[in-house]
Amino acid sequence: MTKYKMAFIFFPFSFLLLLTMDSTTFTTDKEDAKYMQLAIEQANLSVPVEGAYCVGAVLVKDNTVLSTGFSRELPGNTHAEECALAKVVAPNKDNTRELFKGATMYTTMEPCSTRLSGNRPCTDRLIEADIKRVVLGIKEPPHLVVCTGIAQLQSHGIQVQVVPDVAEQCLAPNAHIKSKN
Ligand SMILES: *[C@@H]1O[C@H](CO)[C@@H](O)[C@H](O)[C@H]1NC(C)=O
Ligand SMILES: [Zn+2]
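Mapped onto mature numbering (1 follows the signal peptide of the UniProt record, and there is no 0), the consecutive letters of the sequence shown carry residue numbers -27 to -1, 1 to 154.
What follows is the structure, given as structure tokens:
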């Protein structure tokens, strides 16, 4: 298993130095690879718009797909993970939160930590939902905002793993963003 670490250094104010670290491992689990392919299929369904990525997500618990989502699937400027969470409705509505506990969110791209629209970031939503594990395809490229999703998830005890060898497939629906830089 390959392990890699990245350090980001920010200078939000001249007097404050904030250092955050994130450390992810690759997963070689065949089930993880399978659900990531489902997430990539979802990302492929997303219609590109200027200034936003095309991402796909699949929420899984106990080897069962609870829901899927892709960027802008639901009305508004919605994100893939946001849609996947919103689409889960337990038979008894009050139990929806129970369903999230112990679930894994597969997403083609690192969950966002800042939204230019001002909407609540997916990282906050995943932490609030008490998701156990996040499996992603690629880190968010630095084209639009600096993303600290992985570090924030990990600081809340959520395991973050990366599926190897899917970067090209996860980037493919995002050529409209890449080409701007
Ligand atoms: C997603 O779309 C790309 C580009 O059109 C294609 O190469 C790839 O096979 C698709 N992947 C899935 C899982 O549907
Ligand atoms: Zn998001």
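From the three backbone atoms N, C-alpha and C, an ideal C-beta is built for every residue, glycine too.
heavy atom of ligand 4 below 7 Å from residue i C-beta
i          : result
residue 21 : Ligands present in the displayed structure are limited to ligand 1 and ligand 2, and ligand 4 is not among them.
Straight-line gap, residue i to residue j (C-alpha atoms, nearest Å)
i           : j           : result
residue 45  : residue 63  : 23 Å
residue 101 : residue 148 : 32 Å
residue 71  : residue 50  : 27 Å
residue 29  : residue 99  : 15 Å
residue 139 : residue 104 : 23 Å
residue 10  : residue 17  : 11 Å
residue 19  : residue 53  : 9 Å
residue 144 : residue 69  : 32 Å
residue 122 : residue 91  : 16 Å
residue 22  : residue 89  : 14 Å
residue 109 : residue 6   : 10 Å
residue 93  : residue 87  : 8 Å
residue 82  : residue 65  : 31 Å
residue 15  : residue 80  : 9 Å
residue 77  : residue 39  : 10 Å
residue 117 : residue 55  : 19 Å
residue 24  : residue 119 : 14 Å
residue 124 : residue 75  : 19 Å
residue 41  : residue 35  : 15 Å
residue -10 : residue 129 : With a pLDDT of only 37 at residue -10, under the threshold of 50, the placement of this residue in the model should not be trusted; the figure read from the coordinates follows. Rounded to whole angstroms, residue -10 to residue 129 spans 17 Å at the Cα level.
residue 111 : residue 97  : 19 Å
Rounded Cβ spacing between residue i and residue j (contact assumed at less than 8 Å)
i           : j           : result
residue 162 : residue -1  : Since the displayed the chain opens at -27 and closes at 154, residue 162 lies outside it and no answer follows.
residue -4  : residue 133 : 5 Å
residue 13  : residue 127 : Not a contact, Cβ separation roughly 24 Å.
residue 32  : residue 59  : Contact flag wrong, Cβ pair sits at about 10 Å.
residue 113 : residue 95  : In fact, because the Cβ distance is near 10 Å, the residues do not count as touching under 8 Å.
residue 27  : residue 146 : 4 Å
* Asked: Going along the chain, which unbroken runs of the beta strand (DSSP E) with 3 or more residues stay wholly within the stretch 89 to 151?
  -> Here the runs fully enclosed are 106 to 111, 132 to 135.
* When a residue counts only if its C-beta is closer than 5 Å to some heavy atom of ligand 1, which residues count, in chain order? -> Working through the chain, the matches are 13, 14, 17, 145.
* What are the complete alpha helix (DSSP H) segments, minimum 4 residues, inside the stretch 5 to 75? -> Counting only runs of 4 or more residues that sit fully inside the stretch 5 to 75, the alpha helix (DSSP H) segments are 53 to 59, 69 to 73, in chain order.
* Using the beta carbon as the reference atom, which residues fall closer than 5 Å to any heavy atom of ligand 2, ordered along the chain? -> Working through the chain, the matches are 52, 85, 95.
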